[in-house]
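I have placed the structure first, in the form of structure tokens, so that the comments after it can refer back to it.
Protein chains: 2
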Amino acid sequence: MKPYVIGLDLGGTNSVFGIVDSRGEIKATTSIKTQGYATVEQYVDASVEALGLIIEQVGGIEKIKAMGIGAPNGNYYKGTIEYAVNLSWGRDGVVPLADMFRERLGIPVALTNDANAAAIGEMTYGVARGMRNFIMITLGTGVGSGIVINGRLVYGSDGFAGELGHTRIGRKDGRICGCGRYDCLECYCSATGVARTAREFLNTSQEPSLLRDLNPADITSLDVSLAAAKGDALAKRVYEFTGELLGEACADFAAFSSPEAFVFFGGLTKAGSLLMEPIKESYNRNVLRIYKDKALFLVSGLDGASAAVLGASAIGWDIVTPIV
Amino acid sequence: MKPYVIGLDLGGTNSVFGIVDSRGEIKATTSIKTQGYATVEQYVDASVEALGLIIEQVGGIEKIKAMGIGAPNGNYYKGTIEYAVNLSWGRDGVVPLADMFRERLGIPVALTNDANAAAIGEMTYGVARGMRNFIMITLGTGVGSGIVINGRLVYGSDGFAGELGHTRIGRKDGRICGCGRYDCLECYCSATGVARTAREFLNTSQEPSLLRDLNPADITSLDVSLAAAKGDALAKRVYEFTGELLGEACADFAAFSSPEAFVFFGGLTKAGSLLMEPIKESYNRNVLRIYKDKALFLVSGLDGASAAVLGASAIGWDIVTPIV
Numbered sequence: 001m002k003p004y005v006i007g008l009d010l011g012g013t014n015s016v017f018g019i020v021d022s023r024g025e026i027k028a029t030t031s032i033k034t035q036g037y038a039t040v041e042q043y044v045d046a047s048v049e050a051l052g053l054i055i056e057q058v059g060g061i062e063k064i065k066a067m068g069i070g071a072p073n074g075n076y077y078k079g080t081i082e083y084a085v086n087l088s089w090g091r092d093g094v095v096p097l098a099d100m101f102r103e104r105l106g107i108p109v110a111l112t113n114d115a116n117a118a119a120i121g122e123m124t125y126g127v128a129r130g131m132r133n134f135i136m137i138t139l140g141t142g143v144g145s146g147i148v149i150n151g152r153l154v155y156g157s158d159g160f161a162g163e164l165g166h167t168r169i170g171r172k173d174g175r176i177c178g179c180g181r182y183d184c185l186e187c188y189c190s191a192t193g194v195a196r197t198a199r200e201f202l203n204t205s206q207e208p209s210l211l212r213d214l215n216p217a218d219i220t221s222l223d224v225s226l227a228a229a230k231g232d233a234l235a236k237r238v239y240e241f242t243g244e245l246l247g248e249a250c251a252d253f254a255a256f257s258s259p260e261a262f263v264f265f266g267g268l269t270k271a272g273s274l275l276m277e278p279i280k281e282s283y284n285r286n287v288l289r290i291y292k293d294k295a296l297f298l299v300s301g302l303d304g305a306s307a308a309v310l311g312a313s314a315i316g317w318d319i320v321t322p323i324v
Numbered sequence: 001m002k003p004y005v006i007g008l009d010l011g012g013t014n015s016v017f018g019i020v021d022s023r024g025e026i027k028a029t030t031s032i033k034t035q036g037y038a039t040v041e042q043y044v045d046a047s048v049e050a051l052g053l054i055i056e057q058v059g060g061i062e063k064i065k066a067m068g069i070g071a072p073n074g075n076y077y078k079g080t081i082e083y084a085v086n087l088s089w090g091r092d093g094v095v096p097l098a099d100m101f102r103e104r105l106g107i108p109v110a111l112t113n114d115a116n117a118a119a120i121g122e123m124t125y126g127v128a129r130g131m132r133n134f135i136m137i138t139l140g141t142g143v144g145s146g147i148v149i150n151g152r153l154v155y156g157s158d159g160f161a162g163e164l165g166h167t168r169i170g171r172k173d174g175r176i177c178g179c180g181r182y183d184c185l186e187c188y189c190s191a192t193g194v195a196r197t198a199r200e201f202l203n204t205s206q207e208p209s210l211l212r213d214l215n216p217a218d219i220t221s222l223d224v225s226l227a228a229a230k231g232d233a234l235a236k237r238v239y240e241f242t243g244e245l246l247g248e249a250c251a252d253f254a255a256f257s258s259p260e261a262f263v264f265f266g267g268l269t270k271a272g273s274l275l276m277e278p279i280k281e282s283y284n285r286n287v288l289r290i291y292k293d294k295a296l297f298l299v300s301g302l303d304g305a306s307a308a309v310l311g312a313s314a315i316g317w318d319i320v321t322p323i324v
């Protein structure tokens, strides 16, 4: 029995590696910078070197079943990272990263995008254990999603399913999205969207607010959340507005896969009930009657710092199970 | 080997039965009125009596593997029809119709809603043969959908997944939907929605149109389609508007399951390229770049008159395969 998998949370700044057991305990961890390399080969060299040390700590590569990678623009079917604008060595093409690690480490390697990894992590170790139908929504710099139907992650015909942050909301405010289109959910319900809403609310009213003490350009979603926690009415309305839109969006998602739960993860969830209550209220007001009061609204049970590594590692168990 | 399945297309007016072989050939057919019965027991009695004759024609019940039913508000998991407002004997509660037929006929019986049945029919006998990821959209009196992911129909946590006709469009015209909410896709892109759009276009302009010869209240989607086929500019714009909205909706659906095809079925598809071209153009203009030019837009390959029965029968194969 090989008791461990490697998880790699490949972010725009850091690449964090963890060696994880089947209960989700991280046995060893290390990290490198993601960007300091001219080529992907150099990135993989540095990764393998860093990994070598922690692999020895747990008893060597023969203790390790597989590796899972969560990465931006990850394609599960091909094991590739495709045109990832935030990666210096992955921006202009298709990088076969899973194959590269497989060759170097001699173990099976699977790769998917970060939000899908988070969904599998939640299903393997978190609040979605035992659930066969749920939707994971990650509220970070952007809005990501991972959809689980019949106990399996939905990859679609091309490996790119589950981009719910890029469904369009009903409002037509004309916010431009990073994807080049207008009024995607992500423009409103990400950390950057929340900061943008706060700036708009400040601009369009004279209402007093703790946020007026800050330079508007510097306002972050954390500032808004701190102000709301102190009772700032304008800041609270920013979260009500954000939750309203998320609830409307989830009402449409219910009409797709009727999940038993929506699981939220990421920085914005730190606002707690300031965000979650408006989501639930808006959902129940907007959803088709047959779905009403059925879905749970949950916040990730995984520790924020290690959740991404756990999620990535869970993909490792996922591939190994059918193969071995 | 039992070579046949029974399909029942249970509609608001007629209940059509067919005995179907594995290639989708209908060997015998019969029908009864759906509504002329005070209780569901009487409806099942009449059904079994009518079925008796055609079952004998194909060599008796021992030639029949299973029965599939496509019905409004059908719940696949429970085999029930739930609060179907258009059925006199099914309006006020939960009718265990699959169990009732199973007891009377002594064969496995499965039941789902009409659009799901159409999707399975298309996958079994139609243009979606061999596809593992597609979305069926039925454009009839309402807008229904059946979603196939990884080769399986999506039923969700409660058996009611796939109500894409009740996702909300971006416009806020305030059309009220049969479901009690506003601006569902169905209010615009069903046969009744098309007629409504035509009346609105006639009301809000002085533009000459063949449709002005008709009593506005009597205008149907067929009238609009006939006028458009004769070159009527206003009628054409009705289809362009309808296709535009369907294309926008499909762009959002792609972000969910990234299907290899959208398959359209129902009365509105008779408008052909008048409707399909605007759908495709709008889709490619609205969809996230990674999905662009990937999905096919297809019209059902099944003969309209028998498609619903074939779809229902296909559910029969579907349940038998795992059980036997």
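Chains as they are written, first to last, in this note's numbering: chain F, 1 to 324; chain V, 1 to 324.
Glycine included, each C-beta is placed from N, C-alpha and C at the ideal position.
Using CA atoms only, rank isn't needed, just tell me which of E186/V, N116/V, G52/V and R199/V is closest to T220/V. Checking every option, the nearest Cα to that of T220/V belongs to R199/V.
From G106/V to D45/V, what does the alpha carbon distance come to, in whole angstroms? One C-alpha to the other measures close to 14 Å.
Applying the criterion that 16 or more other CB atoms from any shown protein chain within 10 Å of the CB defines a buried residue, is E122/V buried or exposed? Per the 10 Å Cβ criterion, buried.
Report the three-state DSSP secondary structure of I54/V (helix, strand or coil). Correct three-state label for I54/V: helix.
Could you check the C-alpha separation between L139/F and K65/F for me, to the nearest Å? So the two alpha carbons sit approximately 31 Å from each other.
Which residues, taken in chain order from the segment 146 to 165 of chain F, show a beta carbon closer than 9 Å to some beta carbon of chain V? Taking 9 Å as the Cβ-Cβ cut-off, the segment 146 to 165 of chain F approaches chain V at I147, I149, N150, R152, V154, Y155, G156, S157, D158, G159, F160, A161, G162, E163, L164 and G165, given in chain order.
Any chain V beta carbon closer than 8 Å to K236/F: Not one chain V Cβ lies under 8 Å of K236/F.
Output the residue ranges of the beta strand (DSSP E) runs that lie fully inside the segment 218 to 269 of chain F and measure 3 residues or longer, sorted by chain position. Secondary structure within the segment 218 to 269 of chain F: the beta strand (DSSP E) runs of 3 or more consecutive residues, fully enclosed, are 261 to 265 (chain order).
C-beta neighbour in chain F for T269/V, strict 8 Å: Not closer than 8 Å to any Cβ of chain F, the Cβ of T269/V fails to qualify, so no.
Could you have a look at A66/F and say whether DSSP puts it in helix, strand or coil? Note: A66/F maps to strand in three-state DSSP.
Kindly list the residues whose CB is nearer than 6 Å to the CB of L314/V, restricted to its own chain and excluding five residues on each side of it in sequence; keep chain order. The amino acid occupying residue 314/V in the given sequence is Ala; Leu does not appear at that position. Within the same chain, A314/V has close Cβ partners I120, G121 and T124.
Buried versus exposed call for S145/F [16 or more other C-beta atoms within 10 Å across all chains shown]: Counting other Cβ atoms within 10 Å of its Cβ, S145/F reaches 16 or more and is therefore classed as buried.
When the Cα of D183/V is compared with those of A195/F, T80/F and I169/F, which residue comes out closest? Looking at the Cα atoms, I169/F is the closest of the given residues.
Count the other C-beta atoms from every protein chain shown that fall within 10 angstroms of the C-beta of E260/V, then say buried if there are 16 or more, exposed otherwise. Label assigned to E260/V: buried.
Can the beta-carbon of R212/V be found closer than 8 Å to that of L202/V? Result yes, Cβ atoms of R212/V and L202/V sit closer than 8 Å.
Please tell me whether L288/V has its Cβ less than 8 Å away from any Cβ of chain F. At a cut-off of 8 Å between beta carbons, L288/V contacts chain F.
Kindly indicate if chain V contains any beta-carbon less than 8 Å away from that of F258/F. Looking at the sequence provided, one finds Ser at residue 258/F rather than Phe. Residue contact check for S258/F against chain V: a CB pair falls below 8 Å.
So, do the segment 281 to 295 of chain F and the segment 160 to 167 of chain V have three or more beta carbon pairs nearer to each other than 8 Å? Remark: three or more beta-carbon pairs, one from each stretch, lie closer than 8 Å, so the segment 281 to 295 of chain F and the segment 160 to 167 of chain V are flagged as touching.
Would you mind listing the beta strand (DSSP E) stretches within the segment 167 to 193 of chain V that are 3+ residues and don't spill past its ends, in chain order? Residue ranges of uninterrupted beta strand (DSSP E) with 3 or more members are absent from the segment 167 to 193 of chain V; none lies entirely inside it.
Are the CB atoms of F265/F and S300/F within a distance shorter than 8 Å? Result yes, Cβ atoms of S300/F and F265/F sit closer than 8 Å.
Contact criterion: CB-CB distance below 8 Å. Does G68/F meet it with respect to chain V? Closer than 8 Å: no.
So which residues of chain V does R168/F contact, with C-beta pairs closer than 8 Å? Residues of chain V with a Cβ closer than 8 Å to the Cβ of R168/F are, in chain order, G170, E248, A251, D252 and N286.
Please list the partners that N116/V has in chain F, where partner means a Cβ-to-Cβ separation under 9 Å. Near N116/V there are no residues of chain F at all, since even the closest Cβ is about 12 Å away, more than 9 Å.
Is the Cβ of K294/F closer than 8 Å to any Cβ of chain V? Yes, because at least one Cβ of chain V sits closer than 8 Å to the Cβ of K294/F.
From E62/F, Q42/F, L10/F and R23/F, residue whose alpha carbon lies closest to that of Q110/F: Rather than Gln, the amino acid found at residue 110/F in this sequence is Ala. It is L10/F whose Cα lies nearest to the Cα of A110/F.
Per DSSP, what kind of secondary structure is T138/V in: helix, strand or coil? In this structure, T138/V counts as strand in the three-state DSSP scheme.
Count the other CB atoms within 10 Å of the CB of M276/V; is the residue buried (16 or more) or exposed (fewer)? It counts as buried.
Should Y77/F be labelled buried (16 or more other beta-carbon atoms within 10 Å of its own) or exposed? With fewer than 16 other Cβ atoms inside 10 Å of its own Cβ, Y77/F counts as exposed.
Thinking just about the alpha-carbon of each residue, which of S306/V, L245/V, T269/V and A228/V is nearest to the one in R171/V? Of the candidates S306/V, L245/V, T269/V and A228/V, the one whose C-alpha sits nearest the C-alpha of R171/V is L245/V.
Roughly how many angstroms separate the alpha carbons of V224/V and N14/V, rounded to a whole number? Each residue's alpha carbon lies about 26 Å from the other.
Same chain only: Cβ atoms within 6 Å of T167/F, ignoring 5 sequence neighbours per side: Excluding sequence neighbours, T167/F sits near L185.
Can you list, in chain order, the residues of its chain with a C-beta nearer than 6 Å to that of T204/V? Leave out the 5 residues immediately preceding and following it. If the five residues before and after T204/V are omitted, its C-beta is found closer than 6 Å to no C-beta atom of its own chain.
How about I323/V: is its C-beta nearer than 8 Å to some C-beta of chain F? Per-residue confidence for I323/V stands at a pLDDT of 38, beneath the threshold of 50, marking its modelled position as unreliable; no derived number is given.
Which residue from A229/F, N113/F and D232/F puts its Cα closest to that of G142/F? N113/F is the residue among A229/F, N113/F and D232/F whose C-alpha sits nearest the C-alpha of G142/F.
Who does G74/V pair with in a DSSP beta bridge? Paired residues: I81/V.
Cβ pair P108/V, L87/V closer than 8 Å: At least 8 Å separates the beta-carbon of P108/V from that of L87/V.
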